[in-house]
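Going line by line, the protein sequences match chains A and B. When you line the first sequence up against numbering that gives the first Met the number 0, it's residues 0 to 85, in that order. When you line the second sequence up against numbering that gives the first Met the number 0, it's residues 0 to 603, in that order. This report concerns only the one structure given below.
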Amino acid sequence: MSKQAQHWEKTRGLLFVTLAIWFVFSMGIFLFGAEMNEVTGPFGYPLTYWFTCQGSLAIFVILIFWFSNRQEKIDEEFGFSERGDD
Amino acid sequence: MIKGNFIDNLPKVYGIYTGGFIGFIIIMAIAEQMGMTAKAIGIAFVAFTVAIYAIIGYLSRTAQADAYYVAGRQVPTVFNGMATAADWMSGASFVAMAGGIYFKGYGYMALLVGWTGGYVLVASLLAPYLRKFGCYTVPDFIGTRYGGNLARFCAVVVLTVASFTYVTAQINATGTIASVALDIPFQYAVYVGLVSILLCSMLGGMRGVTWTQVAQYIVLIIAYLLPVFWISNKIGAGFFPHFMLADEVARIGELEQQFGFVANSKENLAMVPKGLAGITKAHSAVNATPWAFISLALAMMMGTASLPHVMMRYFTTPSVKAARKSVGWSVFFIFLLYSSAPMLATLSKLALIDPSLPTGIIGKSVSEVQAIDWYQNWNQANLMFISDFNGNGTVELNEFFMGGKAVVLATPEIAGLPYVISGLVAAGGMAAAMSTADGLILAIANAISHDVYYKIIDPKAETAKRLVVARVLLVVIGFAGATIAAMEIQGILGSVIWAFDFAMSGLFFPLVLGVWWSRANREGAIAGMVLGLLSGLGYLIWVRNGGSGFLGITQLTFGIFGSAVSLVAMVVVSLATSAPNAATQRMVDECRIPSGKSILGKQH
């Protein structure tokens, strides 16, 4: 398999992991919104309420930074990262 | 002057700017103590901030195509994040979001999840690849990837439909704020707002818009957070509201139990002024079905990834790597405001309904409440209303009505904050609406000037002529938007949500599959855009005219139907026609790796 095909395969793998995490915190957990809200979440808020106010939002911020770092590692591994820096 | 070394000095320049703005707030606070009138403070806040944006817009003037279209591709990640956050957070986010949460609770909060979660799709599916492509506009990508003027033109049509739906609401919001702060009639204020918007973007294009948006973000985030923290401390709810309002949320739940949600009769509700609502839904309980919540969140997420004025912000970063990181910063800066909106809604609601707080009005006598200063002010502004339906002389929960905007606009006054805060909030709302309007008008004008005029009509046009055309279009589209805004067809938030649905119906799959499915071809993309947009629009018209809809898809989530049709059409038509040629295949392979030259040249 060519270097480029391997790079794309890894990139796609990372995409699936990222989208799986995204799915869980943007849609999956809200399937059980009513049940989860009975539980006390961080800082004492009802759990589902906390996810809609802060939890899911903060997870998305972290997820995107994590994804960027992983993708940079993949690019470097195959010598496809850009020269110079930003 | 904004020259090369300006980029290196950005933290310093905006640091001084932020300090200057805080200094201005303090001066205004002192002036208020010395007897400056509320009206004068409002005018000073709006005039001062708009003047600064105009100066930045003037300093960013340019005669180069890549500076005009993509800010010279040198905007650092963090600053692009701030600019995107300002571009993103509209007048609706600023003025109406806390109100939506206040009245609708959980069902509405799907928007918070959707409007941040969408950026995960932007970062992972699209932004870095479109940045590598090196396009100036979103239709530029569609036109080059799929080839042919028809595909390009279809993308321009979808972009225009979605962005124009959105921009009228933003111009409307600038008009509303200008009319209140400057005390002039709405039909003139709309044009004052428009002129302010054009001052930022006309001379410098994307470069001007970028640096004004950073400035506008700083104003709007200070204007949103300062009152939230101040109110929370003032009513003793907690020093850092985000982590400390659990007791207040629980207390609202108790009060809801105690008062109960009494349904009003039709005759009684007819007496309530239009646009005002009472508290009829639980604050922190789950009050929507899973599908209602998830479908709204999904529509907003896919819409986010399809809206061209957001996508084009990531064309301005120096590299592909920077484009990815910059998406992270964007959501971080958006998070700062979005996570504060529910806190403001909580504080506002508790302050109003808790009888044990001095500001609480439920349980007080009707005549007592009618004598309160702030009640009179906001009643006059048509944002607050009480009526003694059951005739017992006291205000009950179901007898108190408020406009959605009042949560942001009136809470500082209710909590007894000085007027300077209200002036600051007006400046923040103006900044939020202006920055989004600028991004949208520029997206439409650039698509028409670059993709229709330069790429289709006159490919030999000189840069100077192209930029004149771009600027004329900017003004024309701005005026068209302002004229429609003056007619006030839909409420602010209604048309904002439609824009997301239009964008996802026509553009989501043609964009995503353009990168992720090399077999996608021109015929498929055209079918996807045309059928997606038409079926979405058809569904909206059907539901608006009393159609029952299916699968629980409403007029707020019609994009789910539109994009599903778009996906099926695109896959079926692509497979039924021949595969794209080898040059296109190479282009797709190229855009998937960050290194090497961009596919379109620096100047094109």
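Cβ atoms here follow ideal geometry from the backbone N, Cα and C, with glycine treated the same way.
query	result
M234 of chain B - containing beta strand (DSSP E), residue span	Reading off the sequence shown, one finds Ile at residue 234 of chain B, where the question assumed Met. First-last for I234 of chain B: undefined, no H or E at that position.
Whole-angstrom C-beta distance between Q554 of chain B and L539 of chain B, which should lie under 8 Å	6 Å
Nearest-angstrom beta carbon gap, V119 of chain B and W21 of chain A [assumed within contact, 8 Å]	4 Å
Interfacial residues, the segment 39 to 57 of chain A to chain B, with Cβ spacing under 7 Å	F42, G43, Y44, P45, T47, Y48, T51, C52, Q53, S55, L56 and A57
Chain B contact for Q3 of chain A (CB, 9 Å cutoff)	yes
Three or more C-beta pairs below 8 Å linking the segment 392 to 410 of chain B and the segment 135 to 153 of chain B	no
Start-to-end residues for the beta strand (DSSP E) that takes in M383 of chain B	M383 to I385
For E81 of chain A and G546 of chain B, the rounded distance between their alpha carbons	53 Å
D84 of chain A versus V514 of chain B: straight-line alpha-carbon distance, rounded	Low per-residue confidence applies at D84 of chain A: pLDDT is 46, beneath 50, and the placement is therefore not dependable enough to give any value.
Bridge partner(s) assigned by DSSP for L275 of chain B	B:G402
Same chain only: Cβ atoms within 7 Å of K324 of chain B, ignoring 5 sequence neighbours per side	T76
Cutoff 9 Å: M99 of chain A Cβ touching any chain B Cβ	Residue 99 of chain A is absent from the structure shown; chain A starts at 0 and stops at 85.
Helix, strand or coil at T17 of chain B according to DSSP, with G and I counted as helix	helix
Straight-line Cα distance separating G22 of chain B from M433 of chain B	23 Å
Bridge partner(s) assigned by DSSP for T39 of chain A	A:P45
Of the residues B:R518, B:E367, B:I51 and B:G505, the one placed nearest G207 of chain B, counting alpha carbons only	B:I51
is_contact[G605 of chain B, chain A] using C-beta, thresh 9 Å	Because residue 605 of chain B is not part of the residues shown, which for chain B are 0 to 603, the question remains open.
Presumed contact (8 Å Cβ cut-off) between L129 of chain B and S305 of chain B, rounded CB distance	At roughly 12 Å, the Cβ-Cβ gap does not stay under 8 Å, so L129 of chain B and S305 of chain B are not in contact.
Residues that T393 of chain B bridges to, as DSSP identifies them	B:S364
Neighbour flag for D246 of chain B against chain A, beta carbons, 9 Å	yes
Distance between V248 of chain B and P354 of chain B (C-alpha atoms, nearest Å)	15 Å
Proximity winner among A:H6, A:E71 and A:M26, relative to W290 of chain B (alpha-carbon distances)	A:M26
I58 of chain A versus M300 of chain B: straight-line alpha-carbon distance, rounded	15 Å
Inter-residue spacing [alpha-carbon to alpha-carbon] between S283 of chain B and L295 of chain B	18 Å
E266 of chain B versus I361 of chain B: straight-line alpha-carbon distance, rounded	22 Å
Short Cβ contact (9 Å threshold) for T175 of chain B with F185 of chain B	yes
Near-chain A residues of the segment 566 to 595 of chain B (beta-carbon distance less than 7 Å), N- to C-terminal order	D588, R591, I592, P593 and S594
CB contact flag (A236 of chain B, L416 of chain B, <9 Å)	no
Complete alpha helix (DSSP H) runs within the segment 36 to 63 of chain B (minimum length 4 residues, chain order)	37 to 58
Cutoff 6 Å; reference A188 of chain B; Cβ partners in own chain excluding five residues on either side	G174, A177 and S178
Residue environment, M586 of chain B, which counts as buried when at least 16 other CB atoms sit within 10 Å	buried
Boundaries (first-last residue) of the alpha helix (DSSP H) holding C134 of chain B	Note, C134 of chain B: premise wrong, no alpha helix (DSSP H); not H, not E.
Any chain B beta carbon closer than 9 Å to E81 of chain A	yes
Length of the line joining the Cα atoms of M383 of chain B and V38 of chain A	35 Å
Beta-carbon gap between V542 of chain B and F557 of chain B smaller than 9 Å	yes
Contact belief for V407 of chain B with V424 of chain B at Cβ below 8 Å, rounded distance in angstroms	6 Å
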